[in-house]
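*Asks:* The sequence shown begins at 0 in numbering that gives the first Met the number 0 and counts up by one.
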Amino acid sequence: MRSEPLLRITGRGRAMVLTFDDGPDPRYTPDILDTLAAYDVHAMFFVCGEMAAHHPELLARMADEGHTVGNHTWSHPLLTKLTRRQIRSEMTRTSEVIENAYGERPRWFRAPYGAWNRAAFQLGSELGMESLAWTVDTLDWTSPGTGTIVDRVENGAAPGVVVLSHDAGGDRTQSVRALRRYLPQLLDSGYHITVPRRQRT
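#1: Answer with buried or exposed for R199, where buried requires no fewer than 16 other C-beta atoms within 10 angstroms of its C-beta.
#2: For the segment 68 to 80 and the segment 27 to 34, state whether three or more C-beta atom pairs, one from each stretch, are separated by less than 8 Å.
#3: Please report the straight-line C-alpha distance between P183 and T137, rounded to a whole angstrom.
#4: Contact check, V46 vs P76 under 8 Å by CB: the rounded distance?
#5: Measuring straight from C-alpha to C-alpha, what distance separates A132 and L185?
#6: Please work out which residues of its chain come closer than 7 Å, Cβ to Cβ, to A62, disregarding the five sequence neighbours upstream and downstream, and give them in chain order.
#7: Within 10 angstroms of its Cβ, does R171 collect 16 or more other Cβ (buried), or is it exposed?
#8: Quick check: the Cα distance between Y190 and Y27, rounded to an integer number of angstroms?
#9: Could you tell me the distance, in whole angstroms, from the CA atom of V161 to the CA atom of D21?
#10: Report the CB separation of A118 from R83 in whole angstroms; it is logged as a contact under 8 Å.
#11: Taking only runs that begin and end inside the segment 127 to 190, name each unbroken beta strand (DSSP E) of 3 or more residues, in chain order.
#12: If contacts are defined as beta-carbon pairs under 8 Å, then H41 and T134 qualify, I think. What distance do you get, rounded to the angstrom?
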């Protein structure tokens, strides 16, 4: 069993993964999905159960359009402050909501704030999930400006990189606009935007 999350993906060529956390949010997630669809690109969405429960139609759309949905807990707590029973509840409830709306149980998990502990790895593994972190943090939740988010993605771009952005949790207008700018530029630079396959532990 893992003692640390995956930070990047392995594979051939110039493959990168775009991930979006904390949604789905009807104000921003549809715009992100529209942009991904315009370029025929698949991404990962690490959703929070309480958001997903209110917007199952967005998870159904993600499934229809070939995106991967991961578990980001129910209420986005700091897992290192919870008991094993509480962590299990956060994970299990979210997996059930995802399965009902998306059509299958999630195979990927991301700890809120990137705060993993032994219990999170053990329980995630028991629920059939691999833990994925990130290589490039856009820090888009700080609203640094659209140009800054674009620069962080383009400067961090490299084969195997996993990019962290958000489609909920606040005003994500900059995140939406940044994706519209950096996605075509990454593709023009020869990057293949993909979703990872499960890796054997």
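Beta carbons: idealized from backbone N, C-alpha and C, even for Gly.
None of these values were measured; they are calculated from a predicted model.
*Replies:* Taking the structure as given:
#1: Your numbering for residue 199 matches position 200 in the sequence shown. Here R199 scores only 44 on pLDDT, less than 50, and its place in the model should not be relied on; the value that follows carries that caveat. Under this definition R199 is an exposed residue.
#2: no
#3: One-based indexing of the sequence shown puts residue 183 at position 184. One-based indexing of the sequence shown puts residue 137 at position 138. So the two alpha carbons sit approximately 17 Å from each other.
#4: Residue numbering aside, residue 46 sits at position 47 when the sequence shown is read from its first letter. Residue numbering aside, residue 76 sits at position 77 when the sequence shown is read from its first letter. At roughly 15 Å, the Cβ-Cβ gap does not stay under 8 Å, so V46 and P76 are not in contact.
#5: Taking the sequence shown and counting its residues from 1, one reaches residue 132 at position 133. Taking the sequence shown and counting its residues from 1, one reaches residue 185 at position 186. Between A132 and L185, the C-alpha separation is close to 21 Å.
#6: Translated into positions along the sequence shown, residue 62 becomes position 63. So the qualifying residues of the chain are Y101, G102.
#7: In the sequence shown, the residue the question calls residue 171 occupies position 172. Counting Cβ neighbours within 10 Å, R171 comes out buried, since at least 16 surround it.
#8: Position 191 of the sequence shown, counted from the first residue, corresponds to residue 190. Position 28 of the sequence shown, counted from the first residue, corresponds to residue 27. Looking at the two C-alpha atoms, the distance is approximately 24 Å.
#9: The count along the sequence shown starts at 1 and reaches residue 161 at position 162. The count along the sequence shown starts at 1 and reaches residue 21 at position 22. The alpha-carbon atoms of V161 and D21 are separated by roughly 16 Å.
#10: What you label residue 118 is simply residue 119 of the sequence shown in a count that begins at 1. What you label residue 83 is simply residue 84 of the sequence shown in a count that begins at 1. Contact holds; Cβ gap of about 5 Å.
#11: 161 to 165
#12: Counted from its first residue, the sequence shown places residue 41 at position 42. Counted from its first residue, the sequence shown places residue 134 at position 135. With a Cβ gap of about 18 Å, H41 and T134 do not count as contacting.
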